[in-house]
Amino acid sequence: MSFNTLGLSEAILKAISKKGYNEPSPIQLKAIPPILQGKDVLASAQTGTGKTAGFTLPMLHILSEREKSKFRPIRALVLTPTRELAAQVYANVKEYSEFLNLRSAVIFGGVNQKPQAATIRQGIDILVATPGRLIDLENQGILSLKRVEILVLDEADRMLDMGFLRDIERIMGMMPAKRQNLMFSATFSKDIRKLANGILHHPVQVEATPENSTVDAINQKVYRVASGKKSDLIIKLISDGNWKQVLVFTRTKHGANKLCKKMISAGISAAAIHGNKSQGARTKALAGFKNGSVRVLVATDIAARGLDIPLLPHVVNYELPNISEDYVHRIGRTGRAGASGEAISLVSADETTYLRDIEKLVGMKIPKEILEGFEPDPNASTEPKKQGGGRSQRSNNKPKRNPQNSKKSDQSRRPKRNNRR
Ligand code: AMP
């Protein structure tokens, strides 16, 4: 199946061909036609499936076909949970709209708002934004969403996880009721369905992979290991396997820093990426990882969300996430765009319950191995270690919007749990 049959304009096909895409991915094949017909769409798709083009291409087509007003009000809004994802979606919008007469901008917290405000004042058709900064700028009268025709909620599950529900509701109230709504989510919890019911009208449902299941192309493996031997084991795996590009997940920011230091002392180039790092440090770490000067990127879940690193060969869970869905998100960073990948989890006794929950969610037993010299501690307790986080705590910790704090960044508004990340 080629892109030519989907009904996209020549200018968009030209941009796609410049990107080197030969054929639409499954989610693009399923999502583009109903979006072009003006329908609301609820899509189940992880990062790596080509979901961004899945909503961006038809959105650009629709906007470019419709009449433009001289003042360029914002006609499409893409909401994303993190700055990294916002920047990435924006980069895609720019690329795919290269041959169209459409203007776009991206806004997110943690950086000076002035340049963002200046771009918006010139008039833009498409705005990519994180919720906090969007609300701030709307409150200041810098932007208006009253003419929005298309809304995209990207990674909606992560937005709820990060406590953005109230922000999303506020943003809905800033837009006209009549508009096209597109919602993308990797997982579908009861909360997500509730949110979808409130926003979407008779949505067409499309799926790239079966719900809550892991991509077949990913080779998953568990190493049972004593918790005190994890850092030596990961260093051995990376060195022996001569792995060149590894994304490692830790549960906490402190854990990410500590592991990163150990890697560096073992002679492996590594960088950490998490919520305490400045935007500049994160961008630098990611650029180093992409160009090969950084072999290991150690990340927390939130920081890693939405990073676009095509064809990632190895993902390691240094610690299992206490929320099973995060496992699906994490390993979704490998085996991208049809390439095979390997997802390895280092599991100590205290993570036994997490592993059981994950296996239940993905519907399979993950093969287990023990390496000589790195055996699990037979006397260790299987009780989960106290870590002060979890789904219930996360949803109880909705960020409270305080008008006096309205200039704070998105990061500083996040629920308490995420401050640990
Ligand atoms: P996404 O799921 O949107 O994060 O996209 C994952 C990666 O797949 C990105 O690097 C895209 O540039 C790439 N991609 C998107 N659509 C296609 C396609 N039809 N063919 C090949 N690569 C694609």
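For the sequence shown, position 103 (counting from the first letter as 1) is numbered 102 according to numbering that gives the first Met the number 0, and the numbering increases by one without interruption.
Cβ atoms here follow ideal geometry from the backbone N, Cα and C, with glycine treated the same way.
No experiment lies behind these values; they were computed from the predicted model shown.
G47 has its Cβ nearer than 7 Å to a heavy atom of the ligand AMP. The distance from the Cβ of V40 to that of V205 is about 6 Å, consistent with a contact at the 8 Å cut-off.
No heavy atom of the ligand AMP is found nearer than 7 Å to the CB of Y95.
Distances between the C-beta of Q27 and the heavy atoms of the ligand AMP include at least one below 7 Å. Only buried fits Q179, as 16 or more other CB atoms lie within 10 angstroms of its CB.
A distance criterion of 7 Å places the beta-carbon of A185 beyond contact range of the ligand AMP, judged by its closest non-hydrogen atom. Contact annotation: the region 346-354 does not touch the region 277-287, with fewer than three C-beta pairs closer than 8 Å. For R250, there is no enclosing beta strand (DSSP E), as DSSP marks it with neither H nor E. Taken from the Cβ of A52, at least one heavy atom of the ligand AMP lies inside 7 Å. Rounded to the nearest whole angstrom, the C-alpha separation of M158 and L152 is 9 Å. A straight-line Cα-Cα distance of about 16 Å links R132 and I125. With a cutoff of 8 Å on beta-carbon distance, I31 and A42 are scored as not near each other. The Cβ atoms of I106 and A75 do not sit closer than 8 Å to each other. With 16 or more other Cβ atoms from the protein chains shown falling within 10 Å of its own Cβ, M161 counts as buried. Following the DSSP letters along the chain, one finds N180 inside the beta strand (DSSP E) bounded by residues 179-184. Between the C-alpha atoms of G340 and G122 there is a straight-line separation of about 43 Å.
Around the beta carbon of A117, a 10 Å sphere encloses fewer than 16 other beta carbons of the protein chains shown; the residue is thus reported as exposed.
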